[in-house]
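Q: Could you have a look at this structure, given as structure tokens, before my questions?
Number of protein chains: 2
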Amino acid sequence: MDSTVRLSDVAKRAAVGVGTVSRVLNGSANVSAATRQKVLDAIAELGYVPNLVARSLAANRTGLIAAIIPVIGYTQHSEVIQGMTDVLHAHGMNLMIGASGYSDQVELQVIEAFLARRPDAIYVTGVRHTEAVRSTLQRSGIPVVEGSNLTDRPIDTVVGYSNFNASVDLTRLLIDRGYRRLWHVTVTRDFNDRIDDRLAGFRWVTSTETELTADVIRCENSFDGGAEAVRLAMASNIRVEAMTFATDVMAVGGLLECQRRGINVPAQLAIAGFDDLTIAASINPSLTTIKVDRVDLGRKAAEIIVNRLQGNDQTSRIVDVGFQVVERESTRRL
Amino acid sequence: MDSTVRLSDVAKRAAVGVGTVSRVLNGSANVSAATRQKVLDAIAELGYVPNLVARSLAANRTGLIAAIIPVIGYTQHSEVIQGMTDVLHAHGMNLMIGASGYSDQVELQVIEAFLARRPDAIYVTGVRHTEAVRSTLQRSGIPVVEGSNLTDRPIDTVVGYSNFNASVDLTRLLIDRGYRRLWHVTVTRDFNDRIDDRLAGFRWVTSTETELTADVIRCENSFDGGAEAVRLAMASNIRVEAMTFATDVMAVGGLLECQRRGINVPAQLAIAGFDDLTIAASINPSLTTIKVDRVDLGRKAAEIIVNRLQGNDQTSRIVDVGFQVVERESTRRL
DNA sequence: ATGAAAGCGCTAACAG
DNA sequence: CTGTTAGCGCTTTCAT
Chain C
1 MDSTVRLSDV AKRAAVGVGT VSRVLNGSAN VSAATRQKVL DAIAELGYVP
51 NLVARSLAAN RTGLIAAIIP VIGYTQHSEV IQGMTDVLHA HGMNLMIGAS
101 GYSDQVELQV IEAFLARRPD AIYVTGVRHT EAVRSTLQRS GIPVVEGSNL
151 TDRPIDTVVG YSNFNASVDL TRLLIDRGYR RLWHVTVTRD FNDRIDDRLA
201 GFRWVTSTET ELTADVIRCE NSFDGGAEAV RLAMASNIRV EAMTFATDVM
251 AVGGLLECQR RGINVPAQLA IAGFDDLTIA ASINPSLTTI KVDRVDLGRK
301 AAEIIVNRLQ GNDQTSRIVD VGFQVVERES TRRL
Chain U
1 MDSTVRLSDV AKRAAVGVGT VSRVLNGSAN VSAATRQKVL DAIAELGYVP
51 NLVARSLAAN RTGLIAAIIP VIGYTQHSEV IQGMTDVLHA HGMNLMIGAS
101 GYSDQVELQV IEAFLARRPD AIYVTGVRHT EAVRSTLQRS GIPVVEGSNL
151 TDRPIDTVVG YSNFNASVDL TRLLIDRGYR RLWHVTVTRD FNDRIDDRLA
201 GFRWVTSTET ELTADVIRCE NSFDGGAEAV RLAMASNIRV EAMTFATDVM
251 AVGGLLECQR RGINVPAQLA IAGFDDLTIA ASINPSLTTI KVDRVDLGRK
301 AAEIIVNRLQ GNDQTSRIVD VGFQVVERES TRRL
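Chains as they are written, first to last, in the numbering used here: chain C, 1 to 334; chain U, 1 to 334.
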């Protein structure tokens, strides 16, 4: 356990060369069983712990993966990280994490700071980045995985789902259920490509259909923001039958405001969200939303990275993990 | 930007020695303004990015901090990480993160894997660890910060709040409000020192007071688990006036079950939680709970680490960030 | 199958 | 103030 024990100490104790110890450590086949055992014994007796910093420098490979998400404290993003660490840990790799705070400038800073640590690969949230970020990432020469959305022009590889298509399907569900006066609630700050595509999906569907009214408002991405949106809708002279919120957080806030005001959901107002937070299934009425297995998304991202690093050639640069429209009580016509 | 540019290339270009470049990079005072400028120009022209792996090996200091939390996808823990990264990033340090999954064995594995990477310090969630974890951490020789609870016998330093005292204060509030038939709902799996202390606080208060009945049940730590607890309470022939849940997740689940069953909270049943998730303030009725600024807890933990690494002697090994009892509608007597 | 030796890119004395 | 030199602990040829 003593970290002052070095590989050369092990070699001395086992009466072999340092190269041999290194081979044992790295599972090289070219070591006789007897020698291997001698080395393993010496390692155990000395409580030797390899210094991965030195290995990183010599082998030009750190076993560190960098991940950048907008905010670490938001469950949608940290679930992805959970999935990544699960897989990486099983492969002896570790995860460095940083937050961009939805700022392009901070994102670039964090990326540059990470690259100086020579990670073996890097994960970034989202698919639309500044040119500076794109080129920095490209020149880094390491695998880059973009996540949580889809694009046909990834920097390198993307693993996600189509926020646009999900929004389209969700909006169509509402139309199928007979709702004709639709509002979409998007966010004021913290705007990003996922949110943008959800808005775009709503606009695209509603623009092609006739006999519809479709409006868009912006609120803060919070429970209070969602409540505010409902108040705006009620106070407006534009009729509204159904509201799709860009996030479950806002949708739940809207739902709770309806409870307070005695607005019957969905009879008087239908509500749909996006993300399938755990509360969505439990709240009254339960919330119609878009479900994505984010932990699995993280796992897939890590698997792609591990495969790439092992030289297994990736078949596809675009991995669609899909989504699911979950219809619950908040939009169900009686 | 080319990562094949080395410090020696910069030195050559600036026509100085490698030592001088290193001094400029590390902000040593012993460099003349003119020389410094020459070096900075060369760095800019070459797009040099220092290799922090090499620096780590030479300086015997990585600038990496390791953090272990039970589950990354749970907001309570990832908020702490958010606070840590905020501070660490400002000091040029980065965070490696790992999950223990509430398992002692996994925790030890993750810690050992991290130590091989020679982090400058390590953060672990909770204050009660196996002897193997304690000794491994102690022998590592680096600052160890335990978080999210308090103990008078930390491995090294602890930054947190007293889960025991918080539970005591919350239980007393219920008693002050006139509730006499109390139930505490604790968790089945994922038991840990924070949950244990919340239970102990409840038991301690209720055992000293007379004219009280106090019972404890266990449920799964989820919305459904909380709902189940309410169903058990209603079906029981033991009277219950107020329920304190070990977590807000369970409390919210219980509250939603009351909504479904038409149980008036708090008139028929008072409910209190623990953690102050954002939903607690928005739900109907709003939830009485214990509030802790977890992002700030993370910041403080990182500040302690940064200070220790800079040699600033820590005054206290025990940092209490406090908690707040937030009384809301779910326990308020009309 | 194994030992010896040459770095990996940087920091930190040590001289001057 | 600045250049030179000796490592940091490991991997990886290259011989043998």
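Note that beta-carbon positions come from the ideal geometry of N, C-alpha and C, so glycine has one too.
Please read these numbers as outputs of a predicted model, since none were measured by experiment.
Quick one: is C/T85 buried, meaning 16 or more other Cβ sit within 10 Å of its Cβ, or exposed?
A: Classification of C/T85: buried, given that the 10 Å Cβ count is 16 or more.
Q: Given that a residue counts as buried once 16 or more other Cβ atoms are within 10 Å of its Cβ, and exposed if not, what is C/Q37?
A: With fewer than 16 other Cβ atoms within 10 Å, it is exposed.
Q: Compile a chain-ordered list of the residues in the region 72-86 of chain U whose CB is closer than 7 Å to at least one CB of chain C.
A: Residues I72, G73, T75, S78, E79, I81, Q82 and T85.
Q: Does DSSP put C/F245 in a helix, in a strand, or in coil?
A: Here C/F245 sits in strand by DSSP.
Q: Quick one: using the 10 Å Cβ neighbour count with 16 as the cut-off for buried, is C/M1 buried or exposed?
A: Note that C/M1 has pLDDT 42, beneath the 50 cutoff, so the model's placement of it is unreliable and no number is given.
Q: Which residues in chain C have a C-beta closer than 8 Å to the C-beta of U/V110? List them in chain order.
A: The answer, in chain order, is H89.
Q: C/D276: which of C/Q310, C/A34, C/A246 and C/Y48 sits nearest, CA to CA?
A: Nearest of C/Q310, C/A34, C/A246 and C/Y48 to C/D276, Cα basis: C/A246.
Q: Taking a Cβ distance cut-off of 7 Å, strictly less, list which residues of the region 41-52 of chain C are near chain U, in chain order.
A: The region 41-52 of chain C vs chain U, Cβ under 7 Å: V49, P50, N51 and L52.
Q: Hey, C/F223 and U/A272: beta-carbon distance below 9 Å or not?
A: No.
Q: Under 8 Å, with one C-beta from each stretch per pair, do the region 242-262 of chain C and the region 179-195 of chain C reach the 3-pair mark?
A: Counting Cβ pairs under 8 Å, three or more are found: they touch.
Q: Determine the direct distance from the alpha carbon of U/P266 to that of U/D176, and round the result to whole angstroms.
A: Whole-angstrom Cα-Cα distance: 14 Å.
Q: Can you look up C/N94 in the DSSP assignment and give me helix, strand or coil?
A: Three-state result, C/N94: strand.
Q: What does DSSP give as the partner residue(s) for C/D215 in the beta ladder?
A: In the DSSP output, where bridge partners are listed per residue, C/D215 has C/W183.
Q: Do C/T75 and U/Y74 come within 9 Å of each other at the CB atom, strictly closer than that value?
A: Yes, the Cβ-Cβ distance between U/Y74 and C/T75 is below 9 Å.
Q: Any beta carbon from chain U within less than 9 Å of C/M1's own beta carbon?
A: Confidence is the limiting factor: at C/M1 the pLDDT is only 42, short of 50, which leaves the residue's position unreliable and the question unanswerable from this model.
Q: For U/Q324, name the three-state secondary structure that DSSP assigns.
A: Of the three classes helix, strand and coil, the one that applies to U/Q324 here is strand, per DSSP.
Q: Can you list, in chain order, the stretches of the alpha helix (DSSP H) that have 4 or more residues and sit fully within the region 98-153 of chain C?
A: Runs found: 104-115 and 131-140.
Q: Kindly indicate which three-state DSSP category C/D41 falls into: helix, strand or coil?
A: Helix, per DSSP.
Q: Answer with buried or exposed for U/Q314, where buried requires no fewer than 16 other C-beta atoms within 10 angstroms of its C-beta.
A: Answer is exposed; the Cβ neighbour count stays below 16.
Q: Assuming the contact rule is C-beta atoms closer than 8 Å, U/A14 and U/A34 should be a hit. Round their C-beta distance to whole Å, please.
A: Not really, about 11 Å apart at Cβ, beyond 8 Å.
Q: Cβ of U/I195 less than 9 Å from any chain C Cβ?
A: So no, U/I195 is outside the interface.
Q: Compare the beta carbon distance of C/E112 and C/T130 with 9 Å and say whether it is the shorter of the two.
A: Cβ distance not < 9 Å, so C/E112 and C/T130 don't count as in contact.
Q: How big is the Cα-Cα spacing for U/V53 and U/R61?
A: Distance between the alpha carbons of U/V53 and U/R61: 10 Å.
Q: Taking the CB atoms as reference points, tell me whether U/R198 and U/A166 lie closer together than 9 Å.
A: Taking 9 Å as the Cβ cut-off, U/R198 and U/A166 qualify as a contacting pair.
Q: When burial is assigned at 16 or more other CB atoms within 10 Å of the CB, is U/G343 buried or exposed?
A: Here chain U covers residues 1 to 334 and nothing more, so residue 343 of chain U does not appear.
Q: Mapping DSSP to helix, strand and coil, what is C/V16?
A: DSSP places C/V16 in coil when its eight states are reduced to three.
Q: For the 8 Å Cβ check, are there 3 or more pairs between the region 95-109 of chain U and the region 140-155 of chain U?
A: With the cut-off at 8 Å, the region 95-109 of chain U and the region 140-155 of chain U do not touch.
Q: Please name the residue in C/R294, C/D190, C/R172 and C/E257 whose C-alpha comes closest to that of C/R203.
A: Closest option to C/R203, Cα to Cα, is C/R172.
Q: Given C/R118, which residues of its chain have a CB within under 6 Å of its CB, disregarding the five upstream and five downstream residues?
A: Taken in chain order, the residues that qualify are T62.
Q: Tell me whether U/V252 sits in a helix, a strand or coil according to DSSP, three-state version.
A: It is helical.
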